[in-house]
Amino acid sequence: MMWLCAAVMFVMVGIAVVTDVRGGKIYNSVTLPGAITGLVLNATAGGLSGENALHGAIGGVVESLLGIAVGIGVFLVSSLFGRILGGGDIKLLMAIGAIPGPIFLSWPLVYLALAGGVMAIGVMMFNRDLFGGLRRLFAGITMRLFAKVPIDVADNKPTTRLPYALPIAVGSAIAFYVLNFYNG
115 MMWLCAAVMF
125 VMVGIAVVTD
135 VRGGKIYNSV
145 TLPGAITGLV
155 LNATAGGLSG
165 ENALHGAIGG
175 VVESLLGIAV
185 GIGVFLVSSL
195 FGRILGGGDI
205 KLLMAIGAIP
215 GPIFLSWPLV
225 YLALAGGVMA
235 IGVMMFNRDL
245 FGGLRRLFAG
255 ITMRLFAKVP
265 IDVADNKPTT
275 RLPYALPIAV
285 GSAIAFYVLN
295 FYNG
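Here the sequence shown is numbered in the working numbering, starting from 115 and rising by one per residue.
Written out as structure tokens, the structure is:
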């Protein structure tokens with residue numbers, strides 16, 4: 115079942131990366147079927163795993179819903195700082211949470227934050243705007259913390275845009291590897 119969940123998750127994330135890189139959007143037609151599939155897979159796996167099939171199926175659905183809740187939590191935390199992540203990014207995180215559950219989603223959040231930071235620095239270096247980008251970042255954080263001015267990703271120049279489905283994919287892949295294959 116782990117491999118089926120991983121396959122569904124990585125197909126969904128792969129499609130999201132392509133649509134985000136090409137068109138700057140992650141579509142509901144990608145994330146909604148992923149979330150529903152996660153609910154069904156977890157209900158099925160939970161129903162097959164215990165003596166009481168109904169109890170196990172309900173536990174599987176609850177696990178998926180908790181994964182979605184973690185994605186909503188990321189949205190709420192992100193909203194405290196302004197609009198940092200787009201709606202598609204949040205829905206992708208919610209769908210990822212629905213597939214393997216909330217414990218898995220907590221790991222990609224760490225790795226996607228690191229990957230996103232590294233990729234953002236790479237984009238700024240590629241655009242020859244590293245110091246300007248860092249200056250705008252710190253100014254934005256300062257304005258948000260002290261003047262309560264919200265940060266909005268839509269205010270960024272198009273040349274500095276980072277399709278965040280890419281760091282989400284990298285974070286998910288690293289988390290999957292660490293949680294399933296790393297023995298050290």
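Where a beta carbon is used, it is the ideal one built from N, C-alpha and C, also for glycine.
Item to complete: Identify whether G285 lies in helix, strand or coil by the three-state DSSP scheme.
Response: For the purposes of this step, residue 285 is taken as residue 171 along the sequence shown, with counting starting at 1. DSSP places G285 in helix when its eight states are reduced to three.
Fill in: G215, DSSP secondary structure in three states
The residue labelled residue 215 in the question sits at position 101 within the sequence shown. DSSP places G215 in coil when its eight states are reduced to three.
Worksheet item: Can you round the beta-carbon distance between V184 and A283 to whole angstroms, since I take them to be within the 8 Å contact cut?
Response: Taking the sequence shown and counting its residues from 1, one reaches residue 184 at position 70. Taking the sequence shown and counting its residues from 1, one reaches residue 283 at position 169. V184 to A283, Cβ: 18 Å. No contact.
Worksheet item: Just curious, the alpha helix (DSSP H) that R242 is in, first and last residue?
Response: Against the sequence shown, residue 242 aligns to sequence position 128. Run containing R242: none; DSSP gives neither H nor E here.
Worksheet entry | Supposed close pair M123, I210 - CB separation, criterion 8 Å | Residue 123 sits at position 9 when you count from the first residue of the sequence shown. Residue 210 sits at position 96 when you count from the first residue of the sequence shown. Indeed they touch by this definition, with Cβ atoms about 6 Å apart.
Worksheet item: Hey, out of Y278, N156, R242 and M238, whose CA is closest to K205's CA?
Response: As a first step, residue 205 is located in the sequence shown; it is residue number 91 there, counting from the start. Minimum Cα distance to K205 is reached at Y278.
Practice prompt. Sort A171, V188, G137 and T151 by Cα distance to I213 and report the nearest one.
Written response: As a position in the sequence shown, residue 213 is number 99, starting the count at 1. Per the Cα distances, T151.
Worksheet item: Which same chain residues, not among the five before or five after L244, have their C-beta less than 8 Å away from its C-beta?
Response: If you number the sequence shown from 1, residue 244 lands on position 130. Counting only Cβ-Cβ distances below 8 Å, and skipping sequence neighbours, we find I235 and M238.
Item to complete: Tell me whether G139 sits in a helix, a strand or coil according to DSSP, three-state version.
Response: If you number the sequence shown from 1, residue 139 lands on position 25. The question names Gly, but residue 139 in the sequence shown is Lys. The answer is coil: DSSP assigns K139 none of H, G, I, E or B.
Discussion item. Residues in the same chain with beta-carbon distance under 8 Å from A253, minus the five sequence neighbours each way, listed in chain order, please.
Written reply: Sequence index remark: in the sequence shown, residue 253 carries index 139 (1-based). No residues qualify anywhere along the chain.
Item to complete: Would you tell me roughly how many angstroms separate the C-alpha atoms of I182 and R136, rounded to the nearest one?
Response: For the purposes of this step, residue 182 is taken as the residue at position 68 of the sequence shown. For the purposes of this step, residue 136 is taken as the residue at position 22 of the sequence shown. Each residue's alpha carbon lies about 26 Å from the other.
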